[in-house]
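Asker:
Protein chains: 4
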Amino acid sequence: MKRIAVMTSGGDSPGMNAAIRAVVRYGIKSGLEVYGIKRGYAGLLDEDIEPMTFASVGGIMEKGGTILRTSRCPEFVRKETRAEAAKILKKHGIEGLVVIGGEGSLHGAMFLEEEQKVPVVGLPGTIDNDIAMTDMSIGVDTCLNTVVDAIQKLKDTASSHERAFIVEVMGRSSGYIATVSGLVTGAEAVIIPEVPVNYEELANKLLEERERGKINCIVVVAEGAASAYTVARHLEHRIGYETRITILGHIQRGGSPTAFDRLLASRMGVAAVDALLRGESGVMTALQGGKIVTVKLDEVLKEKKRLDMELVKLAGMLS
Amino acid sequence: MKRIAVMTSGGDSPGMNAAIRAVVRYGIKSGLEVYGIKRGYAGLLDEDIEPMTFASVGGIMEKGGTILRTSRCPEFVRKETRAEAAKILKKHGIEGLVVIGGEGSLHGAMFLEEEQKVPVVGLPGTIDNDIAMTDMSIGVDTCLNTVVDAIQKLKDTASSHERAFIVEVMGRSSGYIATVSGLVTGAEAVIIPEVPVNYEELANKLLEERERGKINCIVVVAEGAASAYTVARHLEHRIGYETRITILGHIQRGGSPTAFDRLLASRMGVAAVDALLRGESGVMTALQGGKIVTVKLDEVLKEKKRLDMELVKLAGMLS
Amino acid sequence: MKRIAVMTSGGDSPGMNAAIRAVVRYGIKSGLEVYGIKRGYAGLLDEDIEPMTFASVGGIMEKGGTILRTSRCPEFVRKETRAEAAKILKKHGIEGLVVIGGEGSLHGAMFLEEEQKVPVVGLPGTIDNDIAMTDMSIGVDTCLNTVVDAIQKLKDTASSHERAFIVEVMGRSSGYIATVSGLVTGAEAVIIPEVPVNYEELANKLLEERERGKINCIVVVAEGAASAYTVARHLEHRIGYETRITILGHIQRGGSPTAFDRLLASRMGVAAVDALLRGESGVMTALQGGKIVTVKLDEVLKEKKRLDMELVKLAGMLS
Amino acid sequence: MKRIAVMTSGGDSPGMNAAIRAVVRYGIKSGLEVYGIKRGYAGLLDEDIEPMTFASVGGIMEKGGTILRTSRCPEFVRKETRAEAAKILKKHGIEGLVVIGGEGSLHGAMFLEEEQKVPVVGLPGTIDNDIAMTDMSIGVDTCLNTVVDAIQKLKDTASSHERAFIVEVMGRSSGYIATVSGLVTGAEAVIIPEVPVNYEELANKLLEERERGKINCIVVVAEGAASAYTVARHLEHRIGYETRITILGHIQRGGSPTAFDRLLASRMGVAAVDALLRGESGVMTALQGGKIVTVKLDEVLKEKKRLDMELVKLAGMLS
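Residue numbers (full-length UniProt numbering), protein chains in the order written: chain A, 1 to 319; chain B, 1 to 319; chain C, 1 to 319; chain D, 1 to 319.
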């Protein structure tokens with residue numbers, strides 16, 4: 001193996017740059033040429049590919065987003081498109097590909113490997129923590145801290161007033177961000193896709209707590225469960241006091257990555273290059289019990305990452 | 001004068017605690033007894049009043065919100081209610097009142113002084129910067145930095161994607177927060193109550209910038225001008241790419257106050273006590289050209305604070 | 001078991017309050033009475049003990065330090081002192097003790113259990129990450145992020161100038177904080193107790209990098225390896241340009257805990273109560289491969305936590 | 001006037017990039033060509049000069065440091081060197097020069113104008129706030145907030161222990177940073193160049209406060225008054241408990257600039273171009289009473305900026 005490439009694909013997540021840096025620098029130190037593919041699969045199809053150097057990834061680790069940029073590429077679901085992509089990689093002499101992204105992007109990587117025999121290693125990069133077989137994905141820890149900071153600011157003002165605050169956070173199919181951020185900020189309630197919500201019960205709980213003298217009232221809702229507006233509408237007439245809404249949106253994807261995400265991304269980037277050099281393919285790097293391992297992409301993508309329900313219980317118990 | 005009281009009223013803003021601390025500690029050092037009134041005018045009517053000590057305001061300066069809590073008190077528009085409030089103050093031997101809050105709260109303070117002859121000094125506390133005759137109100141600087149941090153995080157992800165991001169910030173009648181935060185983050189556009197928006201023109205501007213290679217696209221909108229959803233709806237079909245929404249909400253009121261707000265609040269707290277001791281009443285402390293002065297409350301409340309249109313021009317020119 | 005107590009001891013670390021909160025709230029929900037012992041073993045000997053309630057731990061999770069305060073208690077090395085402590089616990093009807101602290105504090109806990117048969121569970125709380133058999137201690141993640149933020153600020157100015165910056169961080173016997181913070185900020189060199197430093201070689205490395213065009217130069221040194229001044233003295237005449245020094249000191253112990261530390265502390269607090277209820281004693285809660293388990297205190301304290309030398313290698317390879 | 005240049009010189013300060021951006025973009029919009037001179041006067045002498053574009057200053061406003069880099073240039077004290085510099089500017093067709101920096105850099109600018117008749121406008125850029133005739137310099141507000149954050153972290157741990165913490169901050173000839181940061185964090189004492197320190201008295205004050213139950217003890221010292229080690233040595237034996245030291249160093253120069261500094265720098269950058277276009281020279285932009293004005297460089301440099309002793313008094317009174 002003489003030449004590999006790295007790309008980021010799908011939604012960006014903080015730490016992707018640290019992963020790119022690790023792939024490039026460790027690749028070069030391992031005797032490889034490393035290329036960067038811009039804008040994910042779309043850029044690959046446009047042959048938007050350029051050589052990376054030790055210097056070209058200097059000073060990027062601390063930045064949110066991805067210097068390679070990213071995009072969604074719906075046409076990549078077609079087999080012909082993937083064949084075209086494989087041809088382009090071959091044309092550029094690229095013998096191994098590192099793909100950093102979420103579920104959709106890893107699916108693309110899996111097919112590229114299975115059908116087109118392109119040696120591929122995936123890195124789980126998503127703030128949702130919805131990728132199976134890895135304890136954490138790159139970006140989750142930073143996202144959590146961003147959400148926690150935001151809720152903490154709400155608490156300042158919440159304890160000055162008699163109001164309920166509804167905070168909508170990311171998580172289309174996973175309640176991880178909502179659950180953990182609610183747990184570690186002592187939010188009064190968490191609404192997530194994994195657990196059906198009963199607004200009657202929730203309103204009663206809030207009213208009871210209010211009666212016991214609690215004046216803060218913060219409800220964290222994962223976008224996949226309901227919108228903040230829906231929650232507000234359901235609660236307001238039941239609890240009899242005003243609600244206020246915060247929708248964090250893409251702020252949750254940004255920010256300088258935490259130490260945890262930079263370390264995770266660096267270790268995974270190195271592990272991806274090592275895997276390619278060992279001849280592994282169709283795998284994803286994963287954090288399991290503190291160690292970086294590789295797992296089969298097809299197994300990862302068959303499985304649904306389940307939320308640890310102990311966390312949900314804990315959140316309820318301690319708030 | 002032997003005994004004074006301090007309260008916070010209306011929406012809270014970061015720095016109110018620093019102001020309370022300064023009133024209490026400087027009051028005590030000046031030989032006064034200082035009382036705290038809880039929950040603004042509502043707490044005053046409930047006689048929720050307690051003596052403050054040097055120690056009771058220890059460790060509060062760095063906290064958002066207000067340890068005295070706050071509330072809106074619609075019944076305070078009635079003259080009889082204010083007469084009742086004056087009676088309660090008299091009953092508790094309170095000869096001077098410091099009110100920290102926004103326009104509505106200062107109106108209450110003015111009437112209390114004019115009708116009931118209660119010696120009153122107001123402090124401008126609001127994140128909107130919509131109080132006339134003072135360059136800055138307590139809380140504005142912290143709010144600005146919170147908004148800037150949030151937009152900066154959006155920029156990370158915005159430059160990875162091809163999307164427009166709409167950020168809704170506070171400012172019911174004033175575009176100050178939107179304008180300055182847009183200016184200092186290089187946002188592509190700012191929509192404020194002071195300037196009518198032309199969506200056609202705005203969309204064209206965004207499209208032109210995109211053509212010139214700019215991939216970031218952030219629009220900051222003051223809640224008083226439009227909702228983020230309205231802006232998104234107007235732009236999406238015109239610009240032809242997706243938009244994403246962030247509504248910061250009450251996060252903008254929270255957070256540990258900046259050095260500027262702590263200093264401003266401390267100086268104003270001291271100035272308020274000095275004013276009462278000098279026999280001034282019906283005044284507000286104000287920052288004018290770097291100095292803390294007192295201005296007549298009725299003049300403050302007659303005037304509408306105007307946004308410096310140079311800032312709007314500057315934002316347009318530099319982005 | 002009807003009544004337990006919780007204390008923090010030794011150096012404080014961010015997240016201790018989240019652990020206290022979890023012990024108190026989960027203890028109460030489990031039907032126990034929970035007492036707080038102030039100022040560690042010293043406060044225990046002074047019978048500075050008070051009942052805790054659900055409300056008394058409200059709003060503390062986000063705070064650095066420890067609401068129970070802490071102290072070092074050198075006289076606790078004497079057996080008679082520990083016997084006295086056990087008597088006091090008995091007198092107050094305390095049948096189980098949760099001790100949150102570092103190595104010294106856990107030693108005290110172990111002896112209290114072995115000699116005096118007090119049921120004890122320890123929680124590893126230290127920023128140094130020097131406690132064996134647990135992947136992370138409470139406070140390490142927050143400390144790391146504080147150090148990373150500081151180094152990142154240095155990089156801003158470092159890249160504007162031609163200077164070397166020496167940053168002294170905590171770690172008396174462990175180079176964990178120095179190594180990981182150096183790794184994730186791309187520091188040019190890391191000096192730690194585990195690896196002997198050769199200033200001649202180090203200076204040559206820095207000179208070579210300078211020649212290759214690198215203008216940043218940041219060296220992170222663990223206090224246990226050398227002082228920043230020593231490093232500066234050794235480097236300055238060899239590299240021929242000026243150095244500047246930063247000593248972070250106890251800033252590294254402070255700050256609002258990260259999401260990770262709050263979660264870890266909450267889980268460990270719950271696990272400690274569960275262990276006591278199960279009749280376990282002389283154990284410490286530990287994070288092993290993502291799970292919270294209990295391990296024998298005497299085994300923990302016999303073993304020296306070793307720094308993962310892969311991290312050291314990684315830091316060298318990627319910078 | 002067809003072509004101007006901008007440079008940063010001396011110690012960097014956060015906000016310099018925002019100033020560069022404003023000069024470049026507003027210059028271009030005003031019909032000028034704008035060049036950037038690298039590494040201050042040293043780069044000018046090396047003809048390290050390049051054209052700047054609207055795009056070349058994109059995404060820099062939020063960064064600490066200066067993209068033009070900076071240096072000290074001792075040989076610029078010689079008249080012949082300055083004549084050489086003027087010749088180089090002429091050779092490159094540069095008809096106006098904007099210099100962003102502290103006192104030394106502005107001196108260079110003044111001589112360049114007086115002797116060599118180069119049209120020059122200075123911008124005050126320094127974290128020390130030691131430049132006369134302007135209320136604030138670019139970088140002061142960011143530095144203050146960095147120091148305040150650091151001290152706030154110390155307070156977390158300080159209130160858990162019985163120790164005194166000495167924090168050394170920047171300020172060679174000015175106690176501004178030390179005074180204001182001490183004031184807004186409630187530090188127990190501040191040691192500054194403007195006021196002689198009496199360690200005996202200081203120790204007594206700390207002991208008294210300790211007796212009254214205060215457990216925090218933080219002393220902020222400006223580097224120009226004493227080193228943290230000196231203060232510790234003087235205090236330790238007098239107060240009888242341990243001290244711990246923090247030396248923030250160049251961290252104080254870094255960090256993403258605050259909203260205030262970005263706004264100040266943007267306004268000053270625009271004002272500098274306007275001044276050149278109006279034919280003004282030998283002036284500095286200054287913030288006076290909320291307005292940006294120009295003042296004569298020779299008057300600025302004759303005067304010593306005095307610390308407002310009201311702030312010192314306030315700090316003493318409120319802590």
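We put the CB at the ideal spot given by N, CA and C, even for glycine.
Would you identify the three-state DSSP class for phenylalanine 54(C), choosing helix, strand or coil?
Answerer: Coil, per DSSP.
Asker: Taking the alpha carbon of proline 119(D) as the point to measure from, which residue in Glu280(D), Leu314(D), Lys305(D) has its own alpha carbon closest?
Answerer: For proline 119(D), the nearest C-alpha among the options comes from Glu280(D).
Asker: For the region 189-208 of chain B, list every residue whose C-beta sits within 8 Å of some C-beta in chain A, in sequence order.
Answerer: Cβ contacts with chain A: none found.
Asker: To the nearest angstrom, report how far apart alanine 109(A) and alanine 85(A) are at their CA atoms.
Answerer: When rounded, the distance between both Cα atoms is 11 Å.
Asker: If you drop the 5 nearest sequence neighbours on each side, which residues of the same chain put their C-beta closer than 8 Å to that of leucine 297(C)?
Answerer: Closer than 8 Å at the Cβ level, and outside the excluded window around leucine 297(C), lie Leu106, Ala109, Met110, Glu113, Val120, Gly122, Gly282, Val283, Met284.
Asker: DSSP puts leucine 206(B) in a beta bridge; with which residues?
Answerer: Its beta-bridge partners do not exist; DSSP assigns none.
Asker: Of the choices Ala232(B), Val180(B), Gly27(B), whose alpha-carbon is the least far from that of threonine 142(B)?
Answerer: The option with the nearest alpha carbon to threonine 142(B) is Val180(B).
Asker: Excluding the 5 residues preceding and the 5 following alanine 228(B) in the sequence, name in chain order all residues of the same chain whose CB lies nearer than 8 Å to its CB.
Answerer: Around alanine 228(B): Ile166, Val167, Glu168, Val221, Ile245, Thr246, Ile247.
Asker: Does the CB of lysine 214(A) have a neighbour CB from chain B at under 9 Å?
Answerer: By this cut-off, lysine 214(A) is not an interface position.
Asker: Within 8 Å: the Cβ of leucine 106(C) and any heavy atom of the ligand ZN?
Answerer: Only the bare structure without any ligand can be found here, which leaves the ligand ZN out of the picture.
Asker: Please return the same chain residues whose Cβ sits closer than 6 Å to the Cβ of isoleucine 100(D), not counting the five positions on each side in sequence.
Answerer: Excluding residues within five positions, the ones whose Cβ falls inside 6 Å are Thr8, Met16, Ala19, Leu123, Gly125.
Asker: Could you tell me if aspartate 261(C) is buried or exposed, where buried requires 16 or more neighbouring beta carbons within 10 angstroms of its beta carbon?
Answerer: With 16 or more Cβ atoms within 10 Å of its Cβ, aspartate 261(C) is classed as buried.
Asker: Near leucine 154(C), which residues of its chain fall below 8 Å by C-beta distance, leaving aside the five closest residues on each side in sequence?
Answerer: The answer, listed in chain order, is Phe165, Val167, Ile218, Thr246.
Asker: Does any CB atom of chain D fall closer than 9 Å to the CB of valine 220(B)?
Answerer: Judged by the 9 Å Cβ criterion, valine 220(B) is not in contact with chain D.
Asker: Go through its chain and collect everything with a Cβ distance to leucine 311(B)'s Cβ below 7 Å, but skip five positions before and after it.
Answerer: If we look at leucine 311(B) and ignore the five residues flanking it on each side, its Cβ neighbours are Thr179, Val180, Leu183.
Asker: Please state the DSSP three-state secondary structure of leucine 32(B).
Answerer: Note: leucine 32(B) maps to coil in three-state DSSP.
Asker: Indicate whether at least one CB of chain C lies closer than 9 Å to the CB of serine 181(A).
Answerer: Yes - at least one Cβ of chain C is within 9 Å of the one on serine 181(A).
Asker: Can you tell which of Gly36(A), Arg253(A), Gly289(A), Leu301(A) has the C-alpha that lies nearest to the C-alpha of valine 147(A)?
Answerer: Selected option, being the one with the closest Cα: Arg253(A).
Asker: Use the C-beta contact count for alanine 55(D): other C-beta atoms within 10 angstroms, 16 or more gives buried, fewer gives exposed.
Answerer: Exposed, by the Cβ-count rule.
Asker: Below 6 Å CB to CB, which residues in the same chain sit around methionine 317(B) once its five sequence neighbours on both sides are set aside?
Answerer: Cβ within range, chain order: n/a, list empty.
Asker: I'd like the list of long-range same chain contacts for cysteine 73(A), defined as Cβ closer than 7 Å, with 5 residues on each side in sequence excluded.
Answerer: Counting only Cβ-Cβ distances below 7 Å, and skipping sequence neighbours, we find Gly40, Tyr41, Ala42.
Asker: So what does DSSP say about threonine 243(B), is it helix, strand or coil?
Answerer: Strand, per DSSP.
Asker: Any beta carbon from chain B within less than 9 Å of asparagine 17(D)'s own beta carbon?
Answerer: So no, asparagine 17(D) is outside the interface.
Asker: Within 10 Å of its beta-carbon, does glutamate 62(D) have 16 or more other beta-carbons around it, so buried, or fewer, so exposed?
Answerer: Answer is buried; the Cβ neighbour count reaches 16.
Asker: Helix, strand or coil: which one does DSSP assign to glycine 290(D)?
Answerer: Correct three-state label for glycine 290(D): coil.
Asker: Cβ of proline 14(A) less than 9 Å from any chain B Cβ?
Answerer: By this cut-off, proline 14(A) is an interface position.
Asker: Using beta-carbon positions only, say whether methionine 133(A) and glutamate 303(A) come within less than 9 Å of one another.
Answerer: Taking 9 Å as the Cβ cut-off, methionine 133(A) and glutamate 303(A) qualify as a contacting pair.
Asker: Output, in chain order, the set of chain A residues within a Cβ distance shorter than 8 Å of glutamine 152(C).
Answerer: Those within 8 Å of glutamine 152(C) in chain A are Glu62, Ser256.
Asker: Mind checking if arginine 210(A) is an interface residue toward chain B, Cβ cutoff 9 Å exclusive?
Answerer: For arginine 210(A), the answer is no, since every Cβ of chain B falls outside 9 Å of its Cβ.
Asker: Compile a chain-ordered list of the residues in the region 148-172 of chain C whose CB is closer than 9 Å to at least one CB of chain A.
Answerer: From the region 148-172 of chain C, only Val148, Asp149, Gln152, Lys155, Ser159 have a Cβ closer than 9 Å to chain A.
Asker: Just to confirm my understanding: we take leucine 264(C), look at its own chain, exclude 5 residues before and 5 after, and list those with CB closer than 7 Å. What are they?
Answerer: If we look at leucine 264(C) and ignore the five residues flanking it on each side, its Cβ neighbours are Gly15, Met136, Ile138, Leu287.
Asker: Within 10 Å of its beta-carbon, does asparagine 198(C) have 16 or more other beta-carbons around it, so buried, or fewer, so exposed?
Answerer: Exposed: under 16 other Cβ atoms inside 10 Å.
Asker: Note down, in chain order, each residue of its chain lying with its Cβ closer than 7 Å to the Cβ of arginine 306(D), except the 5 sequence neighbours on either side.
Answerer: If we look at arginine 306(D) and ignore the five residues flanking it on each side, it has no Cβ neighbours.
Asker: Using a Cβ cut-off of 9 Å, which residues of the region 226-245 of chain B contact any Cβ in chain A, in chain order?
Answerer: For the region 226-245 of chain B, which is checked against every Cβ of chain A, the residues closer than 9 Å are Ala228, Arg244, Ile245.
Asker: Within this structure, are the beta carbons of proline 193(D) and glycine 224(D) separated by less than 9 Å?
Answerer: Yes, the pair counts as a contact, with Cβ atoms nearer than the cut-off.
Asker: Tell me which residue opens and which closes the alpha helix (DSSP H) that glutamate 115(B) is part of.
Answerer: From DSSP, the alpha helix (DSSP H) with glutamate 115(B) extends over 103-116.
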